[in-house]
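In the numbering used here, the protein residues as written are 4 to 319.
C-beta atoms are modelled at their ideal positions from N, C-alpha and C, and glycine is treated no differently.
For reference, the structure discussed in these notes is given below.
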Amino acid sequence: MKKEKILIIGANGQIGSVLTNQLRDQYGYDNIIPSDIRVPDHDAPLFERLDVLDKAQLHEVVKKHTITQIYHLAAILSAKGELNPKWAWDVNMNGLFNVLDLAKEKKQKLFFPSSIAVFGPEAQKENTPQYAPLTPTTVYGISKVAGENWCQYYHKKYGVDVRSIRYPGIIGHESLPGGGTTDYAVEIYHAAAKGEAYTSFIDKDTRLPMIYMADAIRATIQLMEAPSEDISIRTSYNLSGMSFSPIEIAQSIRAHVHDFKVTFEPDFREEIAQSWPSSIDDSRAGEDWNWKAEFDLPKMTNDMLKHLKERYMTAV
Ligand code: NAD
Ligand code: AKB
């Protein structure tokens, strides 16, 4: 067992809740401290209620648990951010500054998740390269571009060992998404598993880069455990799992749920999706820390429906 004490900020979210369990398996239950501004609705030992904007509270929690690593997941995602841009900027930027300053002072290793939202309409749409132009159209994307660059700055100027991934849309059966543009790709599986129809807020042919939760968690821990000298990108690594449109995911679901029905009512999130890449070139992650996705669309659909059908069957 490794001698690390890891703080997860935003641990109640879609990724944080799954990452907490995986890190507990790998590093030991008591060595992982989940924290969030929202208190979990279940019994959660070692949980700390923490607002990342409260610097004093953040320092207190870190001191109390002698934290050596931080996964800073707290953020306001793309769709929610557009509804209140200044709040999104405040949480996403000032939260990151608090964590970067702390990691600089206490010499902690830090994970900062970025997103495909850093890309805008000027980036090549297919197989978007690592160094495509970054001209995002959302406050979320703007905050992630700025965040990536601040991470690189803290690494170069102060030696902070900060590592980052530009996640595509993440799909998992364990948790629900928290207000993004790619949320439809989780919701659609829940509807299918419950035997319901689904209305997609993304248009039928809009293809987006996505990744299965198991792959996203594996990539995150793989990057964090890679030798520092192998990390040649200190802004954020492109990462890819698969790409599909709502029509394609519906077809893959119909291989299991033959009468599954989908209709389309695109809303403001369609415009965000249109500004993002359709697929991502993640070859630098492969070269630097041996990244390779394991789940494609059929394999993910199989696993999602298996778990969700079990859950909804035991719920009735
Ligand atoms: P989420 O919205 O599900 O979870 C975020 C968590 O942060 C929530 O539990 C929320 O309560 C918490 N939070 C919000 N404000 C806070 C504050 N002031 N202090 C402490 N906690 C606060 O998001 P997620 O999907 O789990 O995403 C985690 C990270 O990964 C985010 O930075 C996000 O931008 C990034 N990301 C996610 C995806 C995805 O598809 N899920 C894709 C790309 C990047
Ligand atoms: C969102 O849709 O906002 C997130 C993301 C891709 O960053 N899922």
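Asked, Found
"Tell me whether Ser235 is buried or exposed, calling it buried when 16 or more other Cβ atoms sit within 10 Å of its Cβ.", "exposed"
"Excluding the 5 residues preceding and the 5 following Ser146 in the sequence, name in chain order all residues of the same chain whose CB lies nearer than 7 Å to its CB.", "Ala91, Trp92, Asn95, Met96"
"Can you give the Cα-Cα distance for Ile275 and Pro171, rounded to whole angstroms?", "14 Å"
"Buried or exposed for Met316, going by 16 or more other Cβ atoms inside 10 Å?", "exposed"
"Residues with a Cβ closer than 5 Å to any heavy atom of the ligand AKB, in chain order?", "Leu80, Ser81, Ser118, Ala120, Gly172, Gly183, Thr184, Thr185"
"Count the other CB atoms within 10 Å of the CB of Val163; is the residue buried (16 or more) or exposed (fewer)?", "buried"
"Report back the beta-carbon spacing between Trp294 and Ala222 to the nearest angstrom; my notes put them in contact at under 8 Å.", "6 Å"
"With DSSP run on the structure shown, which of helix, strand or coil describes Lys112?", "strand"
"Per DSSP, what kind of secondary structure is Lys309 in: helix, strand or coil?", "helix"
"Near Tyr161, what residues of its chain come up, given a Cβ to Cβ distance below 6 Å and the 5 sequence neighbours on each side ignored?", "Lys107"
"Going by beta carbon distance, what residues of the same chain come within less than 6 Å of Ile11, once the five residues before and after it are set aside?", "Gly19, Thr23, Pro37, Tyr74"
"On a Cα-Cα basis, can you pick out the residue from His68, Asp33, Leu308, Arg52 that is closest to Lys197?", "Leu308"
"For Ser146, report the span of its alpha helix (DSSP H) as first-last.", "142–161"
"Judging by CA-CA distance, which residue of His310, Lys83, Ile35, Pro43 is the nearest neighbour of His68?", "Ile35"
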